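Counting from 1, position 4 in the sequence shown corresponds to residue 892 in this note's numbering; the numbering is continuous, with no gaps.
For glycine and all other residues, C-beta sits at the position ideal for the given N, C-alpha and C.
On a predicted model such as this, the values are computed, not experimentally measured, just so you know.
Structure first, then comments.
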Amino acid sequence: MSTLQFDDVSVHYGTQRRGTTAVDGVSLTVPDGEIVGLVGESGSGKSTLGRAAVGLAPLSGGRILLNDKPVPLRGRNRPIQMVFQDPSSCLDPRMTIGASLRETIPGRAKTDRSKEVARLLDLVELDPELAAAYPSQLSGGQRQRVGLARALGAQPDVVIADEITSALDVSVQGTVLNLIRDLQRELSTSMLFISHNLAVVRYVASSIAVMHQGRIVEYGPAEEILTNPQQPYTQELLAAIPDSVHPTRRAS
Ligand SMILES: Nc1ncnc2c1ncn2[C@@H]1O[C@H](COP(=O)(O)OP(=O)(O)OP(=O)(O)O)[C@@H](O)[C@H]1O
Ligand SMILES: [Mg+2]
């Protein structure tokens, strides 16, 4: 059972009088085995909320609980793993893909680790031979798959995916989103899937939270949010989706 719970979480940057409240009293639950989509325009606080869950943004209020207990932020084998927009940021250019993956695998014998590297590459639908390659030899989409494999190698309870398809070509975006859906079915990992793009989020998420100026302004089953949005802000986000991928409008 892996449920991630944000309970009245606030993050304030700067001094009390001057500064930004990036996250303002957010309560949100990522239920066991589900993908919750988090959408909102640039600067609405999505990344800050995700980063708070892995200790990369300072809480100024509230609590973050994993299975009803405070999230451990230190030590190896952290139960919450984050995947970022730019996979290069987590891959050492001088290390092979295999070596990068081996790093994340919790303590096992060497031969077991090599097997585990092959299993992880297979899981993200990459050729296990790529273990010998360097990051510069991979395409952006392949690097992002390695980023995902690294996160999964730690056997996390929850994955936070922050704009993981935003830097990819549209065609490659689709294949990575398909992979996310497959992984969800196979592993039932709980996931907070962050994107500024509602069209991307609706493809993978079972429920959607809409963030605006540090607050969650609307939350519900993905279908409801997409077909019957209550908030004007959500309606604006929906209106911005191109016809070709719109859930209710038909492309002519
Ligand atoms: N380390 C920081 N120090 C100061 N202010 C910050 C810091 N990180 C984020 N902010 C501010 O917090 C607010 C929310 O930023 P955040 O990156 O969480 O938004 P976002 O929704 O992820 O946007 P985007 O879609 O562009 O990624 C912004 O006003 C941003 O300038
Ligand atoms: Mg962000």
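Compare the C-alpha of VAL1105 against each of LEU961, GLY921, LYS934 and GLN893 and name the closest.
-> When each option's Cα is compared against that of VAL1105, the closest is LYS934.
Only counting runs of 3 or more residues, tell me where the beta strand (DSSP E) segments fall wholly within the segment 1037-1120, in order along the chain.
-> Segments of the beta strand (DSSP E) lying fully in the segment 1037-1120: 1046-1050, 1078-1082, 1095-1100 and 1103-1109.
Pull up the CB-CB distance for LEU1011 and ALA1037, whole angstroms please, since I reckon it's below 8 Å.
-> The beta-carbon separation of LEU1011 and ALA1037, rounded to 7 Å, stays under the 8 Å limit for a contact.
Run the proximity test for LYS934: is its beta-carbon closer than 6 Å to any non-hydrogen atom belonging to ligand 1?
-> It does: the Cβ of LYS934 is within 6 Å (strictly closer) of some heavy atom of ligand 1.
Going along the chain, which unbroken runs of the alpha helix (DSSP H) with 4 or more residues stay wholly within the segment 970-999?
-> Counting only unbroken stretches of 4 or more residues, the alpha helix (DSSP H) elements lying wholly within the segment 970-999 are 985-992, in sequence order.
Hey, would you say the C-beta of TYR1107 is under 6 Å away from at least one heavy atom of ligand 1?
-> No.
Expressed to the nearest angstrom, what Euclidean distance is found between the alpha-carbon atoms of ALA1019 and LYS1003?
-> Computed Cα separation, rounded: 11 Å.
What is the DSSP secondary structure of LEU916, counted as helix, strand or coil?
-> Strand.
Could you have a look at PRO960 and say whether DSSP puts it in helix, strand or coil?
-> DSSP places PRO960 in the coil class of the three-state scheme, outside both helix and strand.
State the Cα-Cα distance for the pair GLY1142 and ILE1052, rounded to the nearest angstrom.
-> The chain is shown only over 889 to 1140; residue 1142 falls outside these bounds and no answer can be derived.
Tell me the DSSP bridge mates of TYR901?
-> Its beta-bridge partners are THR908.
Could you give the distance in angstroms between the alpha-carbon of SER1140 and the alpha-carbon of LEU1026?
-> Because SER1140 carries a pLDDT of 48, less than 50, the predicted location of this residue cannot be relied on, and the following value inherits that uncertainty. A straight-line Cα-Cα distance of about 37 Å links SER1140 and LEU1026.
Name the two residues that bound the continuous alpha helix (DSSP H) containing ARG951.
-> No alpha helix (DSSP H) contains ARG951, which is instead part of the beta strand (DSSP E) from 949-954.
If we count the other Cβ atoms within 10 Å of its Cβ and call it buried at 16 or more, is VAL1058 buried or exposed?
-> Counting the other Cβ atoms within 10 Å of the Cβ of VAL1058 gives fewer than 16, which makes it exposed.
Check GLU927 in the structure and name its three-state DSSP category.
-> Inspection of the sequence shows that residue 927 is occupied by Val rather than by Glu. It is a strand residue.
Run the CB neighbour count on PRO1044, radius 10 Å, all protein chains shown included, and call it buried at 16 or more, exposed below.
-> Result: buried.
Does the beta-carbon of SER1083 have 16 or more other beta-carbons within 10 angstroms, so that it is buried, or is it exposed?
-> Within a 10 Å sphere around the beta-carbon of SER1083 sit 16 or more other beta-carbons, which makes this residue buried.
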